[in-house]
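Chain order of the listed sequences is A and B.
Heads up: the first sequence begins at 253 in this note's numbering, then just goes up one per residue.
Heads up: the second sequence begins at 1279 in this note's numbering, then just goes up one per residue.
Glycine included, each C-beta is placed from N, C-alpha and C at the ideal position.
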Amino acid sequence: MRKVATLSFVLVLLSSSFLWANGKKEEAPMTTNPSEISGELLILNWLTGSEGETFDAIDEAFMAKYPNINIKKTNTSSGGSDARSGIKTSLLAGDQYDLILNTWPSLEAELREQEMLLPIDTFWDQYNLGQYLNASWRELGSADGQTWAMYFLAGNRSGMWYSTETIKEVGITEEPKDWASFLAMCAKLKDGGYMPVAIGAKSWAQTEWFENLLLKVGGTEAAAQLASREIPWTSDVVVETLKKWRELIDAGYVDDANTMFSNHWDTATDAVLRQRKSGVTLMGSWINNRAVGEYGLTTGEDYSFMQFPAIDQAYASTASIDGKSWLMMSGAPNPSAAGLYLDFIAGPEGSAILAQNNFMTPSSAAPLENYDPVSKKAVGLLADSEVFFVLDDMLMPELSAEFRSGLQTFLADPSDASILAITEAWEAKAQSIY
Amino acid sequence: MLKRKIDWDAYILIAPAFILFAGVMLYSAFFTLRLSFSSWKGLGPIKNVGLKNYITLFKDPNFLRSLRVTVLWSLCSTFFSVLFGWLIALLAGLNPNRSNIFRLAIFMAYGIPAAASGIMLLGIFQTDLGLLNGILDSIGLSQWTNPWLGDKRTAIWVLITCFVWIQTGLPLLTCYAAIRGIPVQLFEASYIDGAGPRDIFRFLMIPFSLPGVQVSIFINLLNSLKSFDIIYVMTGGGPLRSTETIGFFMYQETVSFFKLGYGSASVVVMTLFVCLLSIPVLKERSKAI
């Protein structure tokens, strides 16, 4: 018996030492000469589905070009509907990565404050990434005079998706450019037996409406001021935005609140493009891939999108965008390989794969002919727009939750008193956080 | 006096299990307790804040609402699941051989992870393509169709119904086991003494199945207090936060907002809640043993 016990102890000790030894990673020296770069490149990604597959294709192409580098990808999609929690949990557990995929400026700021990020200016200059990504994109990923993020994907969040058949059926021949013509289009859709606008307000999709209306009512300046707390959430521009939205509710151009609360963005998209029960839905560019991949529709023929209509002509060209960027970790075990990866993604090879899969990239190296007609339309529109990053992604998660539930309250009760209470609750939450 | 010999082999053999338990359970419990007195976002240093988290917690309208929802949720789901499980066990006890498949079918729901059950049940309660609204439509009761999970008045009851369906299996099992434990001689003696089926049911099966009811009340109540997955899958805490329980609140604060100190305070309160409920029942059970 004594021998068995001793043997058990030895086994426990051995396995602990093995686990400890494997947990240690050696750091590689930094270089930008591709022939000298080798080893493992650790990437934290959280994309799945068609987006995830596109990244698999990019990674394979990268490893084919640089066979000495092996990409080891960790997917934290287990973070639920918000991958930030998955990312943070992984970092909290002490996991080391070279690159992290990010889409939330608030998370980038948080990581920067904790000195967990490495500025990428050295790589930007040495690989001359400016030849692919213009100064405004570098600016988007910069803070305190240094570049922290390389944006390589952009998405239009101001597109209202529709089925061409539905639009034709109710006699709409032209996409509405302003609010009045949009309301007229809604009236036609309603007369034709369609619910004009589908909103899936179960979780976050209602924020798209607020953000786009805010841009059209107060411009990018108002949105920026709100995001940076220069103006309070009780400002006139916020109240006016909600009142503009109320016009749709009062006219019966959206479902009743309970139906909206039971639907998510995907259900709303199904209602527009698959079941053809509703007229339009406001959602990001990923609907394009969903329409082709899941509904089997032909891009540009069976469906398309119209840009959010102008309300105040001074802000007619504003648009909401999302973006995905790479962040390099301050403790990156292989920063040289990470730099090379950034160059590959922004350069002709990576951009071509992204464009081929209809993911809009701000890289000038992306061949325009690779895009389908709908993506090409979005690329063209964004090029002429004054863009602002998705507001909900810029907020701290706690404020974002209050923002979302406040908008649900608004949809259930859009009265003046309710608007006042909602905006006051947002402001109170913002004050308690910042 | 004889000196008691220490059996070192025994200590060595239980050491791995104890180390694992201490590392996984005790360390986590103490770390959570420690965090509940601090402010920590996970990435920076831990700042001590004393009792601030607890004071804020009991002023937080979201926490107070989640407390109210939890009480409703736990009491209703436990009451109905135990009641149905008990009644089904009594009925099944009348003819054990013919109720095998029936019992298995009901117990199977208990074996399916709540998240998976939630996804299946969504198919029933969805607004457009849901089975329930589809049936109502097809039998001419369209006016009764409803966005069940989007309506603040119905969402919590739909969730309770679904959870009752999942939880009924356990009381069925414990009560049925208690009924099957009744000695056959008691039935025989009762019949000889002139007891009818109703008397057997009332004076024999019901009282003898009560220990099973007691155990299942305890387990189902604990399960309902900590339930999170089915709520997350079916309503995400909505609409208008009307289905957020303490379990959901804990998740939201710690995992979504990464307010680890504040979330830990809610975990501690929840743990105290569970202990308050468990200790009397455990004492009672110990006495019985």
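Asked	Found
CB contact flag (ILE289(A), ALA589(A), <8 Å)	yes
Under 8 Å from the C-beta of MET512(A): neighbouring residues of chain B	GLY1428
Assigned secondary structure, THR570(A) (DSSP; H/G/I helix, E/B strand, else coil)	strand
Residue from GLY1490(B), ILE1470(B), PRO1461(B) and ASP1415(B) whose Cα sits closest to the Cα of GLY1447(B)	GLY1490(B)
Short CB-CB distance (under 8 Å) between GLY1525(B) and chain A	no
Chain B contact for ASP334(A) (CB, 8 Å cutoff)	yes
Beta-carbon neighbours of LEU1368(B), restricted to chain A and to distances below 8 Å	Going along chain A, no residue has its Cβ under 8 Å from LEU1368(B), so there is no contact; the nearest lies around 38 Å.
Proximal chain B residues relative to ASN408(A), where beta-carbon distance stays under 8 Å	Those do not exist, as ASN408(A) stays about 26 Å from chain B at its closest Cβ, beyond 8 Å.
Where THR328(A) meets chain B, residues with beta-carbon distance less than 7 Å	Simply none; closest approach about 12 Å.
C-beta atoms of PRO561(A) and LYS429(A) nearer than 8 Å	yes
Check whether THR519(A) and GLY452(A) have beta carbons under 8 Å apart	yes
CA nearest to the CA of SER1316(B), picked from THR1334(B), THR1439(B), THR1513(B) and PHE1479(B)	THR1334(B)
Environment of THR425(A) [buried if 16+ CB atoms lie within 10 Å]	exposed
Where the stretch 1395 to 1419 of chain B meets chain A: residues whose CB sits under 8 Å from a CB there	GLN1404, THR1405 and ASP1406
Limits of the alpha helix (DSSP H) - the one that ALA523(A) falls within	From DSSP, ALA523(A) is part of no alpha helix (DSSP H); its letter is neither H nor E.
Closest by C-alpha distance to VAL506(A), when choosing among SER572(A), SER487(A) and SER530(A)	SER530(A)
Residue environment, VAL262(A), which counts as buried when at least 16 other CB atoms sit within 10 Å	For VAL262(A), the predicted model reports a pLDDT of 42, less than 50, meaning its position is unreliable and no value from the coordinates is stated.
Cut-off 8 Å between Cβ atoms - residues of its own chain near MET368(A), not counting five sequence neighbours on either side	LEU343, MET581, SER582 and GLY583
Beta-carbon spacing of GLY1541(B), THR1549(B) below 8 Å	no
Beta carbon proximity, PRO649(A) to chain B, threshold 8 Å	yes
Beta strand (DSSP E) segments (min. 3 residues) lying fully within the stretch 428 to 452 of chain A	447 to 449
Where VAL1436(B) sits in the DSSP three-state scheme	helix
Contacting positions in the stretch 454 to 488 of chain A - beta carbon closer than 9 Å to chain B	LYS454 and SER455
TYR547(A) beta carbon less than 8 Å from that of ARG528(A)	no
Beta-carbon proximity of PHE1403(B) to LEU1427(B), cut-off 8 Å	yes
Inter-stretch contact at 8 Å, needing at least 3 Cβ pairs: the stretch 1405 to 1414 of chain B / the stretch 1476 to 1492 of chain B	no
Local Cβ density within 10 Å of ILE1457(B), reported as buried at 16 or more and exposed below that	buried
Closer than 8 Å to chain B by CB, LYS681(A)	no
Identity of the residue in TYR1454(B), THR1432(B), GLY1472(B) and ALA1392(B) nearest ASN1378(B) by Cα	TYR1454(B)
From GLU499(A), SER577(A) and LEU643(A), residue whose alpha carbon lies closest to that of PRO614(A)	SER577(A)
Contacting positions in the stretch 335 to 346 of chain A - beta carbon closer than 7 Å to chain B	SER337, LYS340, LEU343 and LEU344
Beta-carbon separation (whole angstroms), ILE1344(B) vs GLU1522(B), contact threshold 8 Å	Looking at the sequence provided, one finds Ser at residue 1344(B) rather than Ile. About 5 Å; that satisfies the 8 Å criterion.
Chain A contacts from the stretch 1320 to 1340 of chain B (Cβ-Cβ distance under 8 Å)	GLY1320, LEU1321 and GLY1322
Neighbour flag for SER1494(B) against chain A, beta carbons, 8 Å	no
CB of VAL642(A) within 8 Å of CB of GLU427(A), strictly	no
Close Cβ partners of ASN386(A) (< 8 Å) along its chain, the five nearest in sequence each way excluded	PRO614 and SER616
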